[in-house]
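Everything in the sequence shown is counted per UniProt numbering, starting at 1 for the first residue and increasing by one.
Don't be surprised by glycine CBs; every beta carbon is placed ideally from N, CA and C.
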Amino acid sequence: MGIKEIKLLKTKTIFKSLIFQFYLVLYACLCYAAITGLWIDIIVYCLIILTIVSKCILILMSYWFVWIRVKIMYKKCDSISECDYLHVIPFENKGIEEILKYIEKDGSLYFIYQKTKYYYDSETQEFNLLKFPIDWKISKYLDWAGHSNESLEQYSEKYGDNGLEIQIPKFSKLFLERCTNPFFIFQFICVFLWMLYEYWMYPLFTALMLVVFESILVTEQMKNLKLIHSIGNKEFIIKVYRYRKWIQISTKKLVPGDIVSICNSTTLAADMILIKGTCIIDESMLTGESVPVNKEPLQFSHEDDVFDISKSKLHFLYSGTQIIQVTGKTDIPCKSNEFKKQTGCVAIVVRTSFYTEQGSLMRTILYGSQRMTANNKETLFFILFLLTFALAAAFYLLWYGLEDDSKSKYTLLLECAIIITNVVPPELPLQLSLAVNSSLVSLVKLGIYCTEPFRIPYSGKLDICCFDKTGTLTHLKPQIAGIITHDSVVAGSSIPIYDANKLSHLVIKILAACNSVSVINKKKIGDPLEIELMNFVKFNFVSESSVSSSQFKALGTIKILKKFHFYSELGRMSTIVSFSIEGIQKTVVLTKGAPEIIYNYLKPDQIPKQYTHIHELATYRGSRVLALAYKIMEGNICSSRIHSLTRESIESNLIFSGFVEINNAIKKETINSIFELRKLMKIRCIMITGDNIYTASYVAKKIGMFDNSKIFQICNVKHDYIVLREIATDSKKVEIDYKTLFGYLQQQKIELAISGPDFGRIQLEDLNPPIYLKLMSNVRVFSRTCPKQKEQILYFYKKNGFITLMCGDGTNDVGALKQAHVGVALLDGDEKETKVKPKFRNLVDEMNNDNTIVKLGDASIAAPFTSKVPNISTVSSIILQGRSTLTITLQMFKILAVNALLLAYSQSVLYLDGIKFSDTQSTFQAMLLIGCFLFITRVKPLKKPVPTDPPPSKFFTFPTVSIIFIQSLLHLISVVYINRICKSLSPMEPLPVNLDSTVDSPVSKEEIFVPSLIKSCTYILSTALQIITFSVNYKGYPYNQSLFENKPMFYSILFSSSLTVALLFNVYPDLNEYMELVHINNDVKLALLFTILANGFIGYISDRLVQYLFVNKNPKMTV
1 MGIKEIKLLK
11 TKTIFKSLIF
21 QFYLVLYACL
31 CYAAITGLWI
41 DIIVYCLIIL
51 TIVSKCILIL
61 MSYWFVWIRV
71 KIMYKKCDSI
81 SECDYLHVIP
91 FENKGIEEIL
101 KYIEKDGSLY
111 FIYQKTKYYY
121 DSETQEFNLL
131 KFPIDWKISK
141 YLDWAGHSNE
151 SLEQYSEKYG
161 DNGLEIQIPK
171 FSKLFLERCT
181 NPFFIFQFIC
191 VFLWMLYEYW
201 MYPLFTALML
211 VVFESILVTE
221 QMKNLKLIHS
231 IGNKEFIIKV
241 YRYRKWIQIS
251 TKKLVPGDIV
261 SICNSTTLAA
271 DMILIKGTCI
281 IDESMLTGES
291 VPVNKEPLQF
301 SHEDDVFDIS
311 KSKLHFLYSG
321 TQIIQVTGKT
331 DIPCKSNEFK
341 KQTGCVAIVV
351 RTSFYTEQGS
361 LMRTILYGSQ
371 RMTANNKETL
381 FFILFLLTFA
391 LAAAFYLLWY
401 GLEDDSKSKY
411 TLLLECAIII
421 TNVVPPELPL
431 QLSLAVNSSL
441 VSLVKLGIYC
451 TEPFRIPYSG
461 KLDICCFDKT
471 GTLTHLKPQI
481 AGIITHDSVV
491 AGSSIPIYDA
501 NKLSHLVIKI
511 LAACNSVSVI
521 NKKKIGDPLE
531 IELMNFVKFN
541 FVSESSVSSS
551 QFKALGTIKI
561 LKKFHFYSEL
571 GRMSTIVSFS
581 IEGIQKTVVL
591 TKGAPEIIYN
601 YLKPDQIPKQ
611 YTHIHELATY
621 RGSRVLALAY
631 KIMEGNICSS
641 RIHSLTRESI
651 ESNLIFSGFV
661 EINNAIKKET
671 INSIFELRKL
681 MKIRCIMITG
691 DNIYTASYVA
701 KKIGMFDNSK
711 IFQICNVKHD
721 YIVLREIATD
731 SKKVEIDYKT
741 LFGYLQQQKI
751 ELAISGPDFG
761 RIQLEDLNPP
771 IYLKLMSNVR
781 VFSRTCPKQK
791 EQILYFYKKN
801 GFITLMCGDG
811 TNDVGALKQA
821 HVGVALLDGD
831 EKETKVKPKF
841 RNLVDEMNND
851 NTIVKLGDAS
861 IAAPFTSKVP
871 NISTVSSIIL
881 QGRSTLTITL
891 QMFKILAVNA
901 LLLAYSQSVL
911 YLDGIKFSDT
921 QSTFQAMLLI
931 GCFLFITRVK
941 PLKKPVPTDP
951 PPSKFFTFPT
961 VSIIFIQSLL
971 HLISVVYINR
981 ICKSLSPMEP
991 LPVNLDSTVD
1001 SPVSKEEIFV
1011 PSLIKSCTYI
1021 LSTALQIITF
1031 SVNYKGYPYN
1041 QSLFENKPMF
1051 YSILFSSSLT
1061 VALLFNVYPD
1071 LNEYMELVHI
1081 NNDVKLALLF
1091 TILANGFIGY
1101 ISDRLVQYLF
1111 VNKNPKMTV
């Protein structure tokens, strides 16, 4: 559930509201002033202004911030009976807070939030997500006979229609929502203040820029909503068993509990449980698994067994997935004979609409990316940082301005308001959105899709990258290295047999029939390893449940009667088959799995003494090893009894047959990518896999996850000491106390590996937390881990302050992918299809591009990031983009901070000296620099990483703040120096006292712009200093393209610089005249030019020097 907290609210009565009492006092004061005739008093003016402004602020603040609205209008209550409204607070980045009215109907209370219903439970006195029939007893599913009239009416009322529809609002409504956000309102207040100042061009240009930008964002939002709307399930007619008969209805009318018939080439319209027939499904749209999945009907085991989706995925059908093939034949009895007559598969609908897995993914896409900014907290602190200087400048202006009687009080107050409102530059909201939006577009070009944009900055400050092994670091398709037979193991030999003709008949039959492979149009579908094993012994399907081989005709046909599928938690799979042994038909159990797991199910007196030693020798070579076993069942077993057999009853007293040695070739991109991550990006790499610890350690060393030649296995952990064993042949265990452990590991250059069972035991030990943290920080390989343990490992690192990434390719990694700060799911596919798309023609195309929204075919339920590039090079791309985003955001903050401080000085100190810019000059300066603001976010990261530490991720660090103050000080010195030169050459004449000002003209004649030498020089210098700020703070290498490679940014700076130089040297006299600039003599020109060049040079050197001396270069852990 995405809701963190639900608070019960009761509406305050108007007389008990503090706001009402506050305004009651204000209105009373105003009435008293009106009666006594004190309207001319300045205090009354202040009261009027305070009343109007505070009223507007309160209305807007309560509209923007739900918690303020709650404080003003509501009070908490303890009982639902007293409650009027609900304050719904979601988890971070899972939506926005809302105040909702609950609905009371037929004795039930509920509310709807993000397309989902939450019902009130009177017993627990809590709201819970609408409950679906997904946890019935298995016997109830098998006995269910469909809906009657009464139950259908009840379920329809409770669950509603089965639709994934999204209402698309009109452009005007979305635009109004954008226009009422805080940044937009704030900027329009600035525009209004500038207009009061009798500026027109500059505020209108700013307003136009804001309206155009918001219109573009609204257009993009509408396109995204339309795209999400179009990817929902299409409505079609389906057969449903209702009222004791089969009828046809629209999929939109499906409700939980409906029994439906499934046919070939159908897209599932709801989440279902299969109760009759078998089918093959393509789940790649949701899970990212490229291999079609076999689904089998739910089977009765124990009367009290409750359906658990986490343990019964074999029987669960996901909405939005595609049916490839169905088989309606089954021997499993159903309550109604109608089911047996029905062709195709039969399933029970258990979840509909936005409650399905597909609906959950759509809600993530729709609500998870509502705020697309790089760092909200940093932005808030940044604004507060600028506000302190703005308040200081406003106070300075007001303090000294009031001492000058020639200054208009109205103009002083207006100027102070402008200084404070300029804390938030108009470009800030634009750049915050563009920074992340540009990153999304760049990732899409690389075949990487993101459903949670807020995670992009996390990828720029990673400490640890965790990887699954098979399918992620190595190819999914295996290579059979050979079979180590039972006789070889008994003889102590680990030499495999590569020729299938030399294998025993039982081994061949296990390889051929112990699998979950299916056949479609004579093509094998299933796990690549199992298909390869069948091909190794040259077996093919002769029917849906029978296999035979033309090469081994003497073995006859093997009929597969029942399958117990592989689960990573169990580490094994079994099948019950029937074939002829010496002319007699026998029922045999065939089993394969992890050697250490199979060992526990073997008949004790049949286990070879060299069993463990031989399989370890094979794993030392880097091979995956499977153990093979069988058991011949006694007597004739009928089909009904076979289907009633449980896994526990057949997987016992097995007879060992041999080992299969398998190699998965390392992907060609893996070694280079690991090198980039460790050596160039300084990120620690860890393997978390379900494979054997020796195999995993071999692969980890081969791909370069660590440099040391020794790797030790953690065998046991006690309160005072640890037991280690080197992963090598004939190695012995050693006990080391914790006082000397870490020094020993460093001195001997040892890396650690641990298996899942040992990791589970360590968690039960009461270890000292610092020792436990340090111990786990030295582990490079986690092996034989189940999905839950993968998730626990990621949680451990997160809890201890590490920023983590998990990269995997299968559903077994889903928990870990979601637990990590950055989860990357690899979709297995053809790398040739993943090419960089052509460049967008311009910035507007980029902002409008549909690629910023993720389609269901591109995303998966597994992770926030989904890559169509089936190798880990995509991880480097994500990290490079994340570091680029962090760097751009920090550069943007620095530029805006320096410019804002310069502006505050200009509008306070220089204003008191009579120095100001004209409306035309302000507008021209804004137009000149807008390209720099727009194109700084279009920078691209380097295609290949270079040796460097992660970039700073926070604004308030010593290097960043010191650079801002150094540059601001340089700008201040430059302005003061030029002003003194200008004053010495052309002293400013005292401004005439405004004798003609009236109430009708609040802006006095003293404020009318009159060109002068000092104003012209200050304007040219101010423009040049802002360009210098962009040039100095723009850093390409080592995270982004250089300034020369970022052509739009480079040309923008070049163009702005050229125009500034043209203004200085009066290259275009008409332009200077239009810009209201006076002639500047040669001495001042040279002084101005020297000041600009010196400022740029010193600023550049000081910036790079601070970066070199103080930027933190110490990662949290060795890589």
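1. Contact between the stretch 434-444 and the stretch 628-637: three or more CB pairs below 8 Å?
2. With a threshold of 6 Å on Cβ separation, who are the neighbours of Ser1042 within its own chain once the five nearest residues in sequence on each side are excluded?
3. Given a cut-off of 9 Å on the beta-carbon distance, is the pair Leu897 and Leu129 in contact?
4. What residue range does the alpha helix (DSSP H) around Cys465 cover?
5. By how many angstroms is the C-alpha of Asn1033 removed from the C-alpha of Arg371?
6. Determine, using beta carbons only, whether Ile703 and Ile727 come nearer to each other than 9 Å.
7. From which residue to which residue does the beta strand (DSSP E) around Tyr721 run?
8. I'd like to confirm the pairing. Which residues does DSSP put opposite Ser439 in its beta bridges?
9. Is Thr866 helix, strand or coil by DSSP?
10. Roughly how many angstroms lie between the CA atoms of Val961 and Phe955, to the nearest whole one?
11. Along the chain, where does the beta strand (DSSP E) that runs through Ala825 open and close?
12. Enumerate in chain order the residues of its own chain whose CB-to-CB distance from Glu582 is below 6 Å, with the five nearest sequence positions on each side excluded.
13. Using CA atoms only, rank isn't needed, just tell me which of Gly163, Tyr119, Cys31, Tyr797 is closest to Leu254.
14. Could you compute how far the alpha carbon of Tyr1039 sits from the alpha carbon of Val507?
15. Closer than 7 Å by C-beta to Val1078: which residues in its own chain qualify, once you throw out the five before and the five after it? Chain order, please.
16. I'd like to know if the stretch 713-721 and the stretch 485-502 are in contact, where contact means that at least 3 CB-CB pairs between them fall below 8 Å.
17. Which class does Tyr90 belong to by DSSP, given the choice of helix, strand or coil?
18. DSSP state of residue 1174, grouped into three classes?
19. Specify, as a first and last residue, the run of the alpha helix (DSSP H) that Val976 falls within.
20. Please name the residue or residues paired with His147 in a DSSP beta bridge.
21. Would you grab the beta carbon distance between Leu473 and Ile216 for me? Rounded to a whole angstrom, and I think it's under 8 Å.
22. Roughly how many angstroms separate the alpha carbons of Cys416 and Leu60, rounded to a whole number?
23. Taking the alpha-carbon positions, what's the Tyr797 to Phe183 distance?
24. Rounded to whole angstroms, what is the Cα-Cα separation between Thr957 and Val975?
25. Suppose you measure from the CA of Leu462 to the CA of Ile793; what does that come to, to the nearest Å?
26. Taking buried to mean at least 16 other C-beta atoms within 10 Å of its own C-beta, is Asn264 buried or exposed?
27. Using a Cβ-Cβ cut-off of 7 Å (strictly less than) and excluding sequence neighbours within five positions of Tyr102, which residues of its own chain qualify?
28. Enumerate in chain order the residues of its own chain whose CB-to-CB distance from Ser918 is below 6 Å, with the five nearest sequence positions on each side excluded.
29. Along the chain, where does the alpha helix (DSSP H) that runs through Met776 open and close?
30. Within the continuous beta strand (DSSP E) that includes Val191, where are the two ends?
31. Name, in chain order, the residues that DSSP records as bridge partners for Cys279.
32. Alpha carbons only, please: which of Leu1025, Pro950, Val939 is nearest the one belonging to Leu970?
33. Assuming Ile259 contacts Trp136 (C-beta within less than 8 Å), just tell me the rounded distance between them.
34. Which whole-angstrom value is the C-beta distance of Pro478 and Asn663, which I expect to be below 8 Å?
35. At which residues does the alpha helix (DSSP H) containing His613 begin and terminate?
36. Decide yes or no for the touch test of the stretch 667-677 against the stretch 732-747: beta carbon pairs closer than 8 Å, at least 3 of them.
This is what the structure holds:
1. no
2. Gly1036
3. The question names Leu, but residue 897 in the sequence shown is Ala. No; because the gap between Cβ atoms is not below 9 Å, this pair is not in contact.
4. No alpha helix (DSSP H) contains Cys465, which is instead part of the beta strand (DSSP E) from 464-467.
5. The pLDDT assigned to Arg371 is 47, lower than 50, so where the model puts this residue is not dependable, and the model offers no usable value.
6. no
7. 721-726
8. DSSP lists no partner for Ser439.
9. strand
10. 8 Å
11. 822-826
12. none
13. Gly163
14. 55 Å
15. Pro1011, Ser1012, Leu1013, Ser1016
16. no
17. Note on identity: in this sequence residue 90 is Pro, with Tyr being the wrong assignment. If DSSP states are grouped into helix, strand and coil, Pro90 belongs with the strands.
18. No answer is possible for residue 1174: the residues shown for the chain start at 1 and end at 1119.
19. 958-985
20. Arg242
21. 42 Å between Cβ atoms; not a contact.
22. 22 Å
23. 37 Å
24. 27 Å
25. 16 Å
26. exposed
27. Leu86, Leu109, Tyr110, Phe111
28. Phe1009, Glu1076
29. 769-777
30. Unbroken run through Val191 is the alpha helix (DSSP H), 182-196; no beta strand (DSSP E).
31. Lys295, Val326
32. Leu1025
33. Actually they are not in contact, since the Cβ atoms of Ile259 and Trp136 sit about 13 Å apart, beyond 8 Å.
34. 7 Å
35. 611-620
36. no
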